[in-house]
Structure formats: C-alpha cells, structure tokens
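At position 169 of the sequence shown the residue is numbered 237 (my numbering), and the sequence of numbers has no breaks. Think of the CB as a built atom: it goes at the ideal place given N, C-alpha and C, for glycine as much as any other residue. Single-structure report; data block below.
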Amino acid sequence: MSAPTTDRRADAAAQPIRKQRERVFSGIKPTGTPTLGNYIGAIRHWAAEQDIYDNIFCVVDLHAITVSIEPRELRQNTRELAALLVACGIDPARSALFIQSHMPEHAELAWILDCVTPTGWLNRMTQFKAKAGEDREAASAGLYTYPVLMAADILIYQTDAVPVGEDQKQHVELTRDIASSFNHRFGETFVEPRPIIRAVGARIMALDDPTKKMSKSEAEGSYISLLDPPAAIRKKIARATTDSERTIVFDENRPGIFNLLTIYQALGGGETPEQIEAEFAGKGYKEFKAALAQRVVATLEPIQRRYAELTADPATLDALLAEGAARVRPLAQRTVHTVKERVGLL
Ligand code: AQP
C-alpha cells in the first residue's frame with residue numbers, strides 16, 4: 069500500500085538526515101559564550117565527524133531557561149552560539165542546525181516522557197545536585213526535569229549516538245533507560261542511543277580551580293571563551309593555577325598542569341603525552357604557558373574571523389536556521405505522532 073501523500077512529502081523533506089549512516093544528536097546550551105571546554109570536549113569533534121554520521125545540531129535554548137537568564141542575554145547568546153557553531157565548521161549544507169524552541173515537538177515529547185519517568189531516576193542525577201547548589205528547594209522544576217527534556221531531544225530523532233563530555237554521560241544513560249522502559253510498556257518506539265565519550269579532552273577543567281569543570285556560566289577568569297581576544301587568552305593562561313613543582317608532565321595528581329597539558333595536546337597535531345613532555349623537558353611553566361597561549365590563539369583566530377563575517381549578515385544566519393528546522397521537523401512530527409498514538413492521546 070502506498071503511503072499517504074503527506075507522509076511521502078514528509079519523507080522527502082527528511083531525506084538529508086535519513087539513516088544511511090548512524091544518526092547523532094548534539095545539543096549545546098546558550099547560557100554564555102562557549103568556552104574552550106565546549107570546543108575541545110564537543111564542538112571540534114562535531115565539526116570533524118560530519119561525514120561519518122548523519123548529524124543533528126541543536127542550540128538548546130529551552131535548557132538555558134532552567135536557570136535564571138535575562139531575556140535579552142538569552143536572545144543574544146542563542147544567535148551568537150548558532151553563528152559560532154558555523155564558524156567552528158558546522159556546515160549547514162551537510163548537517164541540520166537549528167534552535168530547539170523553533171521545534172515545539174521537543175517540549176511536547178518531554179511532557180509525555182516526564183509522565184513515564186520515575187522521580188527516583190531524576191533524584192540520582194548528579195548535575196542537578198551540582199547546579200541547584202545549596203538551596204535545592206529554590207531550583208526550578210525545569211532544572212530538575214532537564215534530563216527528560218534532553219532525553220526528548222535525543223529520542224525524537226531516533227538517534228543512535230550522542231557525543232557528550234564525561235559530565236553528561238549520566239544523562240545519556242537515563243535517556244536509554246527512559247527509551248527502554250517506554251518501549252517495554254508501549255511497544256518498540258525509540259532507538260536506545262549510546263554515548264560517545266572522547267579519550268582526550270572529555271573534561272576540561274577551570275583555569276582558576278582545576279578541580280572544577282570549565283563552564284561558560286562561571287566566573288570570567290575560570291574559562292577561555294571562543295571570542296576572547298589574544299591578549300585576554302594570554303593573560304588568563306598566564307594566571308592559570310598550577311602548583312609549586314617544576315616538571316611539565318601529565319600527572320593526574322597535579323590537576324592544574326595536567327589540565328593545561330590536556331588542552332595543549334587536544335589542540336595539537338596528534339602528539340602523544342610523551343612527545344609533549346619531551347618538548348618541555350627542562351623548561352619552566354612560563355615557557356609552557358606561552359606556547360599553550362600561542363596554540364589557543366592560533367586555534368581561535370580563524371573561528372573569530374568567520375564569526376565576524378557571519379554576524380555581519382544576520383538574514384543569512386536566520387535562513388540557515390530555518391532550513392535546519394525544516395529538515396528535521398518531519399522526523400520529529402512522526403515520532404511525536406507515534407508516541408501520542410501509543411499512549412492513547414490519539
Ligand atoms: N569543560 C568541559 N570539558 C569538556 N566538554 C565540555 N562540555 C561542556 N563543558 C565541557 C561539553 O560541551 C557540550 C555542550 O555543553 P552545554 O553547553 O550544553 O552544557 P554544559 O556541559 O553544562 O556546558 P557548560 O559550559 O558547563 O554550560 P553551563 O555553564 O551553562 O552549565 C556537551 O557535550 C558537554 O559535555
């Protein structure tokens with residue numbers, strides 16, 4: 069039997085992201101200018117792997133409002149982040165790039181998944197505990213159910229894999245649990261996705277406190293933003309916390325220097341830790357930090373140039389984002405339709 073016309077049209081629109089290859093969903097929150105941690109742990113891999121996977125890249129603005137954020141800042145961050153992703157090499161011709169709130173189906177699916185997710189599972193999420201801080205009662209309900217929205221983001225596209233930093237691994241595991249329990253209760257509906265975790269740079273730490281993750285919503289001196297000018301980069305790296313030892317070696321018990329070496333290695337041309345240690349044998353922290361700053365500046369310079377070009381032409385960026393959403397919409401609508409049927413809403 070031939071498919072109804074509307075379905076055929078939906079299939080055609082969904083073609084560029086059809087599953088000839090594994091489908092990968094990647095999201096990033098517009099809570100500030102992305103940091104070197106976001107770049108090393110996530111964005112550079114997303115850009116490099118566009119020909120390996122069918123990619124869906126999403127600026128997850130609904131996640132950004134789980135914490136207090138000024139409306140003007142959110143609007144600006146969202147556009148800045150979309151432009152930065154393109155500047156970092158996300159190619160809208162090969163991958164779908166769009167803004168989460170432009171696809172209301174994410175929130176619709178999240179609500180249904182909220183209703184089948186035990187609160188006990190959410191209570192185990194360590195990121196909620198970290199983000200909610202001391203006054204947990206004051207944290208928003210959205211922050212608490214954030215992992216379910218993330219599950220909806222992923223499951224709505226029948227995603228096979230999700231590249232994440234170490235910090236988000238638990239959320240992908242929860243996504244698998246939600247998918248598996250839904251499938252068990254209502255019949256096969258969702259693909260159960262696996263996390264992709266990188267060997268190098270999965271967790272870049274804060275410059276001022278290398279026991280904490282580098283985060284874009286933390287204090288200025290703790291991170292390098294992708295839009296920091298060279299002078300700021302040099303200053304932040306020069307001030308980065310190290311220790312009173314002298315050797316420049318990859319020693320996990322010395323988190324400051326270990327973190328800086330990890331950044332140096334991640335932005336290099338594939339040198340091993342031994343090669344890097346040999347390069348800096350007999351040299352001091354000052355010399356190493358200057359070399360690191362040089363490497364960071366050289367990485368960010370072309371990104372910042374491309375970003376300036378993109379932001380000079382807002383209409384083109386808007387069009388790219390609208391196209392991205394149009395490409396994935398049929399797939400999202402199809403999943404939500406099936407889910408609504410399964411649970412009895414249709
Ligand atoms: N420090 C990091 N090292 C390695 N990877 C990181 N990621 C984030 N920080 C690091 C990875 O970047 C992707 C997008 O992350 P996100 O912005 O959606 O959320 P996040 O992990 O909460 O990032 P931030 O910068 O810490 O944001 P805020 O301050 O708002 O909470 C993810 O794949 C993440 O693992």
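Within the same chain, ALA247, PHE258 come within 6 Å of LEU223 by CB-CB distance, once the 5 residues on both sides are set aside. The beta carbon of GLY255 is closer than 8 Å to those of ARG410 in its chain, skipping five residues each way along the sequence. Check the Cα spacing between PHE356 and each of LEU181, PHE326, ILE120, LEU217: the tightest is with PHE326. These are the residues, in chain order, with a beta carbon less than 5 Å from any non-hydrogen atom of the ligand AQP: ILE96, LYS97, THR99, GLY105, ASN106, GLY109, ALA110, VAL232, GLY233, GLN236, ARG271, ILE272, LYS281, MET282, SER283, LYS284, SER285. Each residue's CA atom was taken as its position, placing GLU369 and GLU173 some 37 Å apart. Here DSSP, grouped into helix, strand and coil, assigns VAL127 to strand. Counting along the chain, ILE264 sits inside the beta strand (DSSP E) bounded by residues 262–264.
Between LEU335 and ARG363 a beta carbon distance of about 5 Å is seen, short of the 8 Å cut, so the two are scored as contacting. Burial state of HIS252 is exposed, judged by a 10 Å Cβ sphere holding fewer than 16 other Cβ atoms. Between ALA164 and VAL396, the gap from beta carbon to beta carbon is short of 9 Å.
Cβ-Cβ distances below 8 Å link ALA267 to nothing in the same chain once the five nearest sequence neighbours on each side are left out. The straight-line gap separating the alpha-carbon atoms of LEU217 and TYR353 is approximately 43 Å. Taking the CA atoms as reference points, LEU149 sits about 32 Å from THR187. Annotation: PRO186 is outside any beta strand (DSSP E) and is labelled neither H nor E by DSSP. Annotation: THR367 to CYS183 spans about 45 Å, alpha carbon to alpha carbon. For PHE356, no beta strand (DSSP E) run applies; the uninterrupted alpha helix (DSSP H) run containing it begins and ends at 353–379, by DSSP. If you check the CB distance, LYS284 and MET273 do not come in under 9 Å. Burial check for SER136: the Cβ neighbour count within 10 Å stays below 16, so the residue is exposed. When secondary structure is reduced to three states using DSSP, PHE250 falls in the helix class. Of the candidates ILE265, GLY233, THR315, GLY233 places its Cα closest to the Cα of LEU104.
Considering only ALA361, THR340, TYR214, the residue with the shortest C-alpha distance to TRP189 is TYR214.
In the three-state scheme derived from DSSP, where H, G and I count as helix and E and B as strand, LEU294 is classed as coil. Between the alpha carbons of ASP221 and PHE93 lies a distance of about 8 Å. By the Cβ-count criterion, ASP129 is buried, with 16 or more other Cβ atoms from all chains shown falling within 10 Å of its own Cβ.
Where ALA267 is concerned, there is no enclosing beta strand (DSSP E), because DSSP gives it neither an H nor an E. Just so you know, the alpha carbons of PHE250 and ILE180 end up roughly 10 Å apart.
Among the bridge pairs identified by DSSP, VAL230 is matched with PRO263. CA-to-CA, the gap between LEU360 and TYR332 works out to about 6 Å.
Judged by DSSP in its simplified three-state form, LEU165 adopts strand.
In the structure shown, GLY95 falls within a strand segment according to DSSP collapsed to helix, strand and coil. A direct Cα-to-Cα measurement between SER208 and ASP122 gives close to 34 Å. Closest in C-alpha terms to GLY157, from the list ARG140, THR185, GLN226, ALA116, comes ALA116. Around the Cβ of THR194, a 10 Å sphere holds fewer than 16 other Cβ atoms; the residue is exposed. Taking ALA178 as the centre and dropping the five residues before and after it, the same chain places the C-beta of VAL216, LEU217, ALA220 closer than 7 Å to its C-beta, in chain order.
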